[in-house]
Structure formats: C-alpha cells, structure tokens
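In our numbering, the protein residues as written are 38 to 151. Even glycine gets a Cβ: it sits at the ideal position worked out from N, Cα and C. Note that the coordinates shown come from a computational prediction; the quantities given were computed from them, not determined experimentally. Shown next, in structure tokens, is the structure this report addresses.
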C-alpha cells in the first residue's frame, strides 16, 4: 500500500484514497481492508475494520464518524497469500465540517398562526 490520503472529510465521514502496492507478490490484490481507530481518548484505542473494497477500487467513503472525534485510518491489501502491511495516515483526521463551510441553522416558528 502506498500514499494513503484524505480526499475529503466532513462531520460524519471521510473519503480516503491510495495507490496499489509497489508489488503484489505472487498474487493480485483481491481486496483492500480499511480500518479506523478513534484516538479521541487514548485509553483503549484500537483499530477496527470499517470497510472493504474490491482490489480494483482505490478509494472508499468511511461513514458513521462522531463529529468532533479524531480518527486514524489504515488500509491493507489482501491477496490469496494473505494481508500485506498497512499504509497509515500520519496525522489523525477530525470529523468536522471543513474550514470555511458554514453551519446553516433553521429556526422553525411553531407558534405562528395563520
């Protein structure tokens, strides 16, 4: 796995992309395994599988993130021999609206009478 990067993020998802491994050994990649680790509270932080894609895919949208939490991601290539070493982000991603993207609030007046 090479060049794992964040393509886009928001308050409840992150889009990741990567490049194929430099070598696939003796067998082509059949699947990529994506894992996340919520590092907001360091105690007990572990990686867990949050998605898989076919070996022909080089990106994924990971959803169900908690707004304000920080996440590390890693991706491993799998072939018939097994899983290769993962590529991992070097910095956590914070699940939040991108800078410059405003929140829009809508006030509903429930006391209005026509």
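In this structure, what does DSSP give as the bridge partners for residue i?
{"i": "residue 89", "result": "70"}
What's the gap between the Cα of residue i and the Cα of residue j?
{"i": "residue 67", "j": "residue 50", "result": "25 Å"}
{"i": "residue 39", "j": "residue 114", "result": "10 Å"}
{"i": "residue 82", "j": "residue 126", "result": "15 Å"}
{"i": "residue 124", "j": "residue 112", "result": "5 Å"}
For residue i, count the other beta carbons within 10 Å of its own beta carbon; 16 or more makes it buried, fewer makes it exposed. Which is it?
{"i": "residue 97", "result": "buried"}
{"i": "residue 85", "result": "exposed"}
{"i": "residue 105", "result": "exposed"}
{"i": "residue 134", "result": "exposed"}
{"i": "residue 91", "result": "exposed"}
{"i": "residue 59", "result": "exposed"}
When you compare each of the options to residue i by their alpha carbons, which one comes out closest?
{"i": "residue 118", "options": "41, 106, 63, 53", "result": "63"}
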